Amino acid sequence: MAAQVSFSVASPGGPRELTVAYERAGTGEPLLLLHGIGHHWQAWSPVLDVLATEYDVIAVDLPGFGESAALPDGLPYDLATVTAALGALCEALEVERPHVAGNSLGGLLALELGREKLVRSVTALSPGGFWTQAERRYAFGTLLAMRQGARLLPRPAIERLSRSAAGRAALTSTIYARPARRSPEAVVAETLALRAATGFDETLAAGRDVLFRDDVPDIPVTVAWGTKDRLLLRRQGIRAKHAIPGARLVRLPGCGHVPMNDDPALVARVILDTCR
Numbered sequence: 001m002a003a004q005v006s007f008s009v010a011s012p013g014g015p016r017e018l019t020v021a022y023e024r025a026g027t028g029e030p031l032l033l034l035h036g037i038g039h040h041w042q043a044w045s046p047v048l049d050v051l052a053t054e055y056d057v058i059a060v061d062l063p064g065f066g067e068s069a070a071l072p073d074g075l076p077y078d079l080a081t082v083t084a085a086l087g088a089l090c091e092a093l094e095v096e097r098p099h100v101a102g103n104s105l106g107g108l109l110a111l112e113l114g115r116e117k118l119v120r121s122v123t124a125l126s127p128g129g130f131w132t133q134a135e136r137r138y139a140f141g142t143l144l145a146m147r148q149g150a151r152l153l154p155r156p157a158i159e160r161l162s163r164s165a166a167g168r169a170a171l172t173s174t175i176y177a178r179p180a181r182r183s184p185e186a187v188v189a190e191t192l193a194l195r196a197a198t199g200f201d202e203t204l205a206a207g208r209d210v211l212f213r214d215d216v217p218d219i220p221v222t223v224a225w226g227t228k229d230r231l232l233l234r235r236q237g238i239r240a241k242h243a244i245p246g247a248r249l250v251r252l253p254g255c256g257h258v259p260m261n262d263d264p265a266l267v268a269r270v271i272l273d274t275c276r
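This is the structure we're talking about:
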């Protein structure tokens, strides 16, 4: 069971309380892990123990996802609001300028935290925000179809599918290049998390006009892309490199959109190299 922390965030009606769930392990400099849309902190489970041998790792359920509460009424799920909430979370946990690694939506948020000088280093795995409008529409349409499928399938059907490699591929091959490696329990949990994510629709709506075109100077930045990413195509990594000239651009051979499960050793090494 993840820990929880409550803290105040600014809203048009004054300070409001937000409760966020997180998993914490290890000692050393802090390292914040941010998942993608519709996922939960358990996306990082394949690499968490390795990272925790060197860092104080904090894997977060973003507001409106996993076990974290939705943002208070009146607050949009845009970059500025969620970045501010993550800054307030760090203050509540007494964490100052952590390293940060993020995947997809989490990668975009990690870059925004870097741009705001709130972190020591950034590792962005297939981050959002470097798409063309056609690529964004494709990705968002795919995500909506995944969400609809998760909502239509009864839990017994999800559990039955998860027991076979073919079933796990049917449920998760959009985000994993090697879905058979994901455990049945993990596939069930993340499918249910996608179905229940209260922040999903508003996050997609807020992302329609998002383009990340600012540099992130003065801190180490790595942008890594799976060669088999079917959701955000790897050519978007070239655009990220153009926007952030000082970033290290890394290929993740054989990895899909959520690479932590496809090649945990490689992903952990990329993150650790950036933090170091």
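Here the sequence shown is numbered in the UniProt record's numbering, starting from 1 and rising by one per residue. Built from N, CA and C at the ideal position, the CB exists for glycine as well. Computed from a prediction, not measured in an experiment: that's the story for all the values here.
Reduced DSSP category for residue i - H, G, I as helix; E, B as strand; rest coil
i           : result
D56         : strand
S162        : helix
F130        : coil
F7          : strand
R195        : helix
A70         : coil
R276        : coil
V50         : helix
T81         : helix
R176        : For the record, residue 176 in the displayed sequence is Tyr; it is not Arg. Note: Y176 maps to coil in three-state DSSP.
A25         : strand
G207        : coil
L34         : strand
residue 293 : Beyond the ends of the chain as shown, which are 1 and 276, falls residue 293; an answer cannot be given.
A124        : strand
A189        : helix
Burial state of residue i, where buried means 16 or more other Cβ atoms lie within 10 Å
i    : result
P63  : buried
G74  : exposed
R115 : buried
D56  : buried
Q236 : buried
G102 : buried
P30  : buried
L152 : exposed
D263 : buried
D218 : exposed
Contact belief for residue i with residue j at Cβ below 8 Å, rounded distance in angstroms
i    : j    : result
W41  : A2   : 7 Å
I244 : V267 : With a Cβ gap of about 20 Å, I244 and V267 do not count as contacting.
R160 : G167 : 7 Å
T191 : A139 : Actually they do not touch by this definition, with Cβ atoms about 19 Å apart.
I271 : T123 : 5 Å
L108 : F212 : 6 Å
G36  : G106 : 6 Å
V60  : V95  : No, V60 and V95 are not in contact; Cβ-Cβ is about 11 Å, not under 8 Å.
S162 : P127 : Not a contact, Cβ separation roughly 28 Å.
S104 : H242 : Actually they are not in contact, since the Cβ atoms of S104 and H242 sit about 20 Å apart, beyond 8 Å.
L79  : E112 : 5 Å
V82  : V100 : The Cβ separation is near 13 Å, so there is no contact.
Min CB distance residue i to chain C below 8 Å
i    : result
A145 : Among the chains of the structure shown, chain C does not appear; only one protein chain is present.
- Query: Between the stretch 135 to 148 and the stretch 188 to 200, do three or more beta carbon pairs fall short of 8 Å?
  - Reply: With a cut-off of 8 Å, the stretch 188 to 200 and the stretch 135 to 148 count as touching, because enough Cβ pairs lie within range.
- Query: Unbroken beta strand (DSSP E) runs of length 3 or more, entirely within the stretch 215 to 273: which are they?
  - Reply: Listed in chain order, they are 221 to 226, 248 to 252.
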